[in-house]
Amino acid sequence: MSVLRIHGVSPSTFTRSVRMGCHEKGIAYEFVQARPGALGDLNPFEKIPVMTHGEFTLFESTAILRYLDRTFPGPKLWPDEVAPAAIVDQWASVVCDSVLNSALRYIATRFNLLPVPAEMAERYLAKARQVMAAIDRRLGESRFLGGDRLSAADLLLAPPFAYFPDVPEMREIAEASPHCRRWAAEMAARPSFIATEPEFKPQLAN
Ligand SMILES: N[C@@H](CCC(=O)N[C@@H](CS)C(=O)NCC(=O)O)C(=O)O
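The sequence shown begins at 1 in this note's numbering and counts up by one.
Given below as structure tokens:
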């Protein structure tokens, strides 16, 4: 049986999503400490996470989660039916695009990981308010982001949302989002979330 390895670092939100997928499906894996830019040939885009499964290498978190779901038994991260699976894809994509390009970028600026002009940071924050309001509406209609059951979309959203309380402006957004908070409490109780708690967290710049 080939060894499955997840290369990344524990504070990385995308790395955590993929590791959560392993835990949800009961997949044994090795966690290999690797920072972005120190991956050698594993990812030409120099981003984490990367998965290796024997000789097979894969980057991009959603692709990795899909691979895990198709390769291993255990609870499905995507439904089998076409339309419900497409809804999961839709919300996974919302996280990887809209949440990344607003909330996650804003958090990165506040942790001094993404130096941008103040005006740009304000734009990320304004967009985060809009994006999270739409996600809150969705979670008011649906127990999980992708539907009635946990899916890859939840695994992608939970790690960035876990940083909201650490940044006052994002904490305010979370406090104004009751459905997100109900969902986040449910996610935080899952063994996959508990097992992947970051070993350290970036600190606020000011
Ligand atoms: N689209 C990638 C995004 C991964 C990503 O942005 N990872 C961050 C860490 S959470 C990273 O490696 N950043 C370094 C960089 O962008 O150079 C995925 O879905 O895996």
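All C-beta atoms in this analysis are idealised placements derived from N, C-alpha and C, irrespective of residue type, glycine included. These numbers were taken from a predicted model, which means no experiment stands behind them.
Query - Residue range of the unbroken alpha helix (DSSP H) whose run includes F161 - result: Per DSSP, F161 belongs to the alpha helix (DSSP H) from 152-162.
Query raised in the report: Do you know whose CA, among F111, P84, T62, lies nearest G147's CA?
Result: Looking at the Cα atoms, P84 is the closest of the given residues.
Query raised in the report: Hey, which residues come within less than 7 angstroms of ligand 1, measuring from Cβ to any heavy atom, in chain order?
Result: Close to ligand 1, as judged by a C-beta nearer than 7 angstroms to any of its heavy atoms, are the residues S12, T13, F14, T15, P36, G37, E46, K47, I48, P49, F59, E60, S61, T62, C96, in chain order.
Query raised in the report: For G21, does the three-state DSSP call read helix, strand or coil?
Result: In the three-state scheme derived from DSSP, where H, G and I count as helix and E and B as strand, G21 is classed as helix.
Query raised in the report: Would you say the beta carbon of P160 comes nearer than 6 angstroms to a heavy atom of ligand 2?
Result: The model depicted lacks ligand 2 and carries ligand 1 instead.
Requested in this report: Report yes if the C-beta distance between E169 and L125 is below 7 angstroms; otherwise report no.
Outcome: Cβ atoms of E169 and L125: closer than 7 angstroms.
Report task. Would you mind sorting P160 into buried or exposed? The rule is 16 or more other CB atoms within 10 Å of its CB. Result -> Classification for P160: buried.
Query - DSSP-derived helix/strand/coil call for M187 - result: If DSSP states are grouped into helix, strand and coil, M187 belongs with the helices.
Query raised in the report: Which runs of the alpha helix (DSSP H), 4 residues or longer, sit entirely within the region 22-77?
Result: Those alpha helix (DSSP H) runs which fall completely within the region 22-77 and span 4+ residues are 61-71.
Report task. Give every residue of the same chain whose Cβ lies closer than 6 angstroms to the Cβ of P36, excluding the five residues on either side of it in the sequence, and list them in chain order. Result -> Beyond the five residues adjoining it in sequence on each side, P36 comes within less than 6 angstroms, by CB distance, of E46, K47, I48 in the same chain, given in chain order.
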